[in-house]
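Protein chains in written order, with the numbering used here: chain A, 1 to 505; chain B, 1001 to 1505.
Think of the CB as a built atom: it goes at the ideal place given N, C-alpha and C, for glycine as much as any other residue.
Only a predicted model underlies this, so the values are computations on that prediction, with no experimental measurement involved.
Taking it in order: structure first as structure tokens, then the write-up.
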Ligand SMILES: CC(C)(COP(=O)(O)OP(=O)(O)OC[C@H]1O[C@@H](n2cnc3c(N)ncnc32)[C@H](O)[C@@H]1OP(=O)(O)O)[C@@H](O)C(=O)NCCC(=O)NCCS
Ligand SMILES: CC(C)(COP(=O)(O)OP(=O)(O)OC[C@H]1O[C@@H](n2cnc3c(N)ncnc32)[C@H](O)[C@@H]1OP(=O)(O)O)[C@@H](O)C(=O)NCCC(=O)NCCS
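In structure tokens form, the structure reads like this:
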């Protein structure tokens, strides 16, 4: 029975089917949905929209926390419902629609979306669709496995549709900490001084009269599709652990380091996993997404506390966590993404940010989003919030991609998400380049010699040597800066027409 | 008499000549000097260093607030004293030494340098050389026309050399507000809620036993070399004022707007100047450098309060201000640059940041530093602190440079300091592109049609049209992305071998 999840009885009459609820969403509207890295997403109303779009014109601007699971971005893209998508996605079908120019994708720093909404610099939310475990006696919405932008979407929306998900455990109640920065120009400091501080409410406070419909669901979150640690990610973790040991020896860090942020994806997860066999302890996380590695670190008694905006777990880890939420609950908190990613908090806590690069260049500029400078992978996500404002900004990547045909270290990146000023360490399985306090010419030597795959090193040395004859703070042979990428576009590999290229076929 | 400027009598015996004081600085040392955009720089000890370098080996790493005046960077570069220079400069001779690879220039976000020093991620300061108006009874150092990084340099240095400048008015006492964020991991919120809040001390607190020498000087600051507003900068200001009027009409801003930050340079100064003839009033500035325009706005009764880290004034404006400091004093405060540029404060106050681009691309990525992607102009300065974290990030530039031979709007910038996510508006004398909430394909149309010089528009439309056939979130013809720059390198103009190019000769 779902009624024990709707404590405000006057809302019982609002319970309807997904199709009926979805009628509140009309052609041309701006819709804010819960959902962040495949968790806590609204699961049935979006599908009803897709259905309806097969019969009548229906295009919406869709805002979420981050990427959605349950194939929702896929289904919506296939049904051509999306005219605009903000601020992050990670679905192959939607990606295609974005890169073809069908869907206008507004890739944003994840801390900024609701800040812009609140100051009305983005179109206002007509309808918010929020997954919840329950509704409180006052109409407060208790989110599920992510908060993301749900709180501000619900607070600002004309109308709210709540999807109560019976599959999400009631043990989650109390896990959330909903704090919304006060309005400028009278904003006060965010009173958060350690990752474990609780500064807000355990629910999203809304006027219940704006709750237009409630839909009951029982679908599970999608599981994360993380590939397990391998030899290379282990090597990356090893280099990083060795670096931190060195920092501890130098007295710059304690054995608890500084609070850790780790980006989405397989590599960042594997790197954190590598901390299990490290000498560090009483670690804390202040991150955006919490992946399997968070729970592995809890179980290994390495991690004291973890703050995030969403849980993104594999099937196995999800079963473990949701089967025994209480075991972890007093060491966990979920916050709105504008708090998890807030520049103020990131700088104050002095985070160590670990994010993944698609490619980096010899001077330490990082491309996290655009393959060949043009085709969107996922989006910048929170990486810019963290890299710019944290204590130490680490970027990890395997030194080569596509079986060695592409080097992830190139003369010049084809798109810059993180400029050299925001990149302190680059780590590949080959080694680590500590770029702090170095000029570009010094950085180039370290990146080439420490991080690049040996197959590409001679070529990079040659480029750099010739670039030096042209001079400059950041020497380049401008007409060749993208020659590796052009080679790959033409021949399928950056190796060009060489014996190595033939071997990599 | 200088003794009334050294209230701690036990320090009287430390007064020596510049040459003797400079002996504390030895080959290989790391030196932190006061000075920010040509003001408040140590003026005689650096020259004594240059002198000594003609007789004996002497190389130092030099850190400052920002650029120096009094030809100090020039003289030090000519004497080959600088092995490393951090974090900003603007001198043609030093620039040459940087671009030739002689001086390692570590270009940094201006809020980060002392943060990195404090956490020992940069080499420690051996000697700090700080210009002061006076020393208090407890040995506190009262800075002059800039604070910059002086406070933390003095607090962290082994030894301190103070240059007491008799030419700097004692009326400046009380103008400064020295607040140093507490140490991580126990850092507290910075208690600053409006630009006029005073949260620290009017002097730099140091243990007087570390004051190793005091030198008496009476040199004036260098005057700013700002070119006055012209037709084009007036047009830029006009577009921006019109934009803000629109925002006020829409109810997004009040007629006091949000606190303003304006970057260094002629264009930003001229743009602020343009606010004199605007309908806005009770404006506030929360900026890094305060230029002539700040005082023009005071005199026009448009500006209520201005917070900065340095004053950088023309001869005329300097005479007006320093002749009558008291007239402005209760509407002014100077802060350490890590507070003026702090992400926490920038986001909380919701600043409007106005900075200058060297070039921008059709998608809104901005290059502020590297001509042709290689040769350093000045440095990123504080523009990254502001652009990433403010309420509205504006970039201004004239649409063409070098008499029309170069377009400041290009297909792809050759270096990215500010990625598209950090750029809300681009304004040239041609017009304004409001990029908020737009995808790259939408941005390109606006930037080409509104901001580009008509001479280059057809060429850009052609590039963009062909780029579209390749697809992508951010379409490019990768092999031609830098063709305009390469054209200019070859022929002196981006117009290539065309009639327009011949006419521009
Ligand atoms: C960069 C990012 C895509 C890497 O993801 P990942 O899962 O860790 O890494 P993978 O090695 O599996 O790479 C993902 C894909 O990029 C491809 N790739 C990796 N390096 C590449 C390169 N240099 N050139 C082209 N493609 C590359 C991989 O081949 C893989 O493609 P596939 O999906 O077709 O197999 C991902 O981390 C991301 O989207 N980051 C941006 C957002 C972010 O950093 N958020 C942080 C805060 S949460
Ligand atoms: C970008 C910057 C150099 C512009 O300075 P400015 O004085 O406002 O503008 P100007 O038009 O006079 O340009 C300065 C020089 O750059 C050149 N320039 C301008 N656009 C150019 C372009 N697209 N390509 C090449 N050179 C260009 C000008 O010709 C001029 O050269 P000159 O000194 O040889 O005459 C300056 O604002 C800067 O250094 N910014 C980075 C730091 C910053 O933004 N700090 C902000 C916080 S304080």
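Residue i touches chain A at which residues, Cβ-Cβ below 9 Å?
| i | result |
| --- | --- |
| residue 1299 of chain B | Near residue 1299 of chain B there are no residues of chain A at all, since even the closest Cβ is about 25 Å away, more than 9 Å. |
| residue 1419 of chain B | 380, 384, 415, 416, 417, 418, 419 |
| residue 1374 of chain B | 467, 470, 471, 472, 473, 474, 475, 476, 478 |
| residue 1033 of chain B | Within chain A, no residue comes near residue 1033 of chain B; the closest Cβ sits about 17 Å away, beyond 9 Å. |
Residue i touches chain A at which residues, Cβ-Cβ below 8 Å?
| i | result |
| --- | --- |
| residue 1116 of chain B | 436, 437 |
| residue 1479 of chain B | 482, 486 |
| residue 1017 of chain B | In chain order: nothing, as chain A lies at least about 33 Å away. |
| residue 1258 of chain B | 184, 185 |
| residue 1350 of chain B | 119, 184, 185, 187 |
| residue 1200 of chain B | Under the 8 Å cutoff, chain A gives no residues; its nearest Cβ is about 16 Å from residue 1200 of chain B. |
| residue 1191 of chain B | 189 |
Residues of chain B with a CB under 8 Å from the CB of residue i: which are they?
| i | result |
| --- | --- |
| residue 390 of chain A | Ordered by position in chain B, no residue passes the 8 Å Cβ test against residue 390 of chain A, which lies about 10 Å from the chain. |
| residue 370 of chain A | 1472, 1473, 1474 |
| residue 220 of chain A | Under the 8 Å cutoff, chain B gives no residues; its nearest Cβ is about 31 Å from residue 220 of chain A. |
| residue 411 of chain A | Those within 8 Å of residue 411 of chain A in chain B number zero; the least Cβ separation is about 11 Å. |
| residue 92 of chain A | Correct list: empty, because the minimum Cβ distance to chain B is about 14 Å. |
Give a single yes or no on whether residue i has its beta carbon closer than 7 Å to a heavy atom of ligand 2.
| i | result |
| --- | --- |
| residue 1096 of chain B | no |
| residue 1398 of chain B | yes |
In chain B, which residues lie with their C-beta within 7 Å of the C-beta of residue i?
| i | result |
| --- | --- |
| residue 109 of chain A | 1421 |
Under 9 Å Cβ-Cβ, which residues of chain B neighbour residue i?
| i | result |
| --- | --- |
| residue 105 of chain A | 1439, 1440, 1473 |
Interface residues of chain A around residue i at Cβ under 7 Å?
| i | result |
| --- | --- |
| residue 1331 of chain B | Neighbours of residue 1331 of chain B on chain A: none; closest Cβ ~18 Å, over 7 Å. |
| residue 1098 of chain B | 473 |
| residue 1120 of chain B | 252 |
| residue 1359 of chain B | Within 7 Å Cβ-Cβ: nothing; residue 1359 of chain B doesn't reach chain A, min ~14 Å. |
| residue 1344 of chain B | 343, 344, 347, 348 |
Report the CB separation of residue i from residue j in whole angstroms; it is logged as a contact under 8 Å.
| i | j | result |
| --- | --- | --- |
| residue 386 of chain A | residue 350 of chain A | Not really, about 12 Å apart at Cβ, beyond 8 Å. |
| residue 1313 of chain B | residue 1321 of chain B | 6 Å |
| residue 264 of chain A | residue 233 of chain A | Wrong, their Cβ atoms sit about 14 Å apart, outside the cutoff. |
| residue 210 of chain A | residue 159 of chain A | 6 Å |
| residue 146 of chain A | residue 40 of chain A | 3 Å |
| residue 1121 of chain B | residue 252 of chain A | 7 Å |
Next item on the list: Give a yes or no on contact between the region 1110-1119 of chain B and the region 1335-1343 of chain B, applying the rule of three or more CB pairs nearer than 8 Å.
Entry: yes
Item checked: Inter-stretch contact (C-beta, 8 Å, three-pair minimum) for the region 1361-1374 of chain B and the region 1416-1427 of chain B -> yes
Notebook entry, point to check: Are three or more beta carbon pairs between the region 445-464 of chain A and the region 1149-1166 of chain B nearer than 8 Å?
Noted result: no
Notebook entry, point to check: How do the region 315-325 of chain A and the region 346-357 of chain A stand: do at least 3 beta-carbon pairs fall below 8 Å, yes or no?
Noted result: No, the region 315-325 of chain A is not in contact with the region 346-357 of chain A.
Margin query: Runs of 3 residues minimum, wholly inside the region 128-196 of chain A: which ones carry the beta strand (DSSP E) assignment?
Written below: 141-143, 159-165
Check: Residue ranges of each beta strand (DSSP E) run of no fewer than 3 residues wholly in the region 1058-1132 of chain B, ordered along the chain?
Finding: 1060-1063, 1082-1086
Note to self: Beta-carbon distances below 5 Å to any heavy atom of ligand 3 define the shell here; list its residues in chain order, please.
What the structure shows: Questions concerning ligand 3 fall outside what the structure shown contains, since the ligands it does hold are ligand 1 and ligand 2.
Next item on the list: For the region 376-389 of chain A and the region 88-96 of chain A, state whether three or more C-beta atom pairs, one from each stretch, are separated by less than 8 Å.
Entry: Because the criterion of three Cβ pairs below 8 Å is met, the region 376-389 of chain A and the region 88-96 of chain A touch.
Next item on the list: Pick out the complete alpha helix (DSSP H) segments inside the region 1234-1295 of chain B, 4 residues or longer, and give them in chain order.
Entry: 1266-1273
Notebook entry, point to check: Are there three or more Cβ pairs, one per stretch, closer than 8 Å when the region 1226-1239 of chain B is compared with the region 1269-1282 of chain B?
Noted result: yes
Notebook entry, point to check: Are the region 21-34 of chain A and the region 126-134 of chain A touching, with three or more C-beta to C-beta distances below 8 Å?
Noted result: In short, these stretches touch, since the Cβ pair count reaches three.
Check: Are the region 1353-1361 of chain B and the region 450-458 of chain A in contact at 8 Å, needing three or more beta carbon pairs?
Finding: Under the Cβ criterion (8 Å, minimum of three pairs), the region 1353-1361 of chain B does not count as touching the region 450-458 of chain A.
Item checked: Touching by the beta-carbon criterion (3+ pairs, under 8 Å), the region 1155-1171 of chain B and the region 1193-1211 of chain B -> yes
Notebook entry, point to check: Hey, which unbroken runs of the beta strand (DSSP E) at 3 residues or more fall wholly within the region 1347-1423 of chain B?
Noted result: Listed in chain order, they are 1352-1356, 1359-1361, 1392-1396.
Item checked: Contact between the region 132-149 of chain A and the region 93-105 of chain A (3+ Cβ pairs under 8 Å) -> Proximity of the region 132-149 of chain A to the region 93-105 of chain A falls short of the contact definition, fewer than three beta-carbon pairs being nearer than 8 Å.
Note to self: Give the list of continuous beta strand (DSSP E) stretches no shorter than 3 residues that lie fully inside the region 296-322 of chain A.
What the structure shows: Positions of the beta strand (DSSP E) runs, each at least 3 residues long and wholly inside the region 296-322 of chain A, are given as 303-308 in order along the chain.
Item checked: Ranges of the beta strand (DSSP E) found wholly within the region 1200-1238 of chain B, counting only runs of at least 3 -> 1211-1217
Item checked: Runs of beta strand (DSSP E) wholly within the region 465-496 of chain A (minimum 3 residues, chain order) -> none
Note to self: Across the region 33-40 of chain A and the region 65-75 of chain A, are there enough close Cβ pairs to call them in contact, namely three or more that are closer than 8 Å?
What the structure shows: Yes, since at least three Cβ pairs between the region 33-40 of chain A and the region 65-75 of chain A fall closer than 8 Å, the two stretches touch.
Item checked: Stretch pair the region 100-111 of chain A + the region 1435-1451 of chain B: three plus CB contacts closer than 8 Å -> Proximity of the region 100-111 of chain A to the region 1435-1451 of chain B meets the contact definition, three or more beta-carbon pairs being nearer than 8 Å.
Next item on the list: Check whether the region 290-298 of chain A touches the region 38-57 of chain A, taking contact to mean three or more Cβ pairs, one atom from each stretch, closer than 8 Å.
Entry: no
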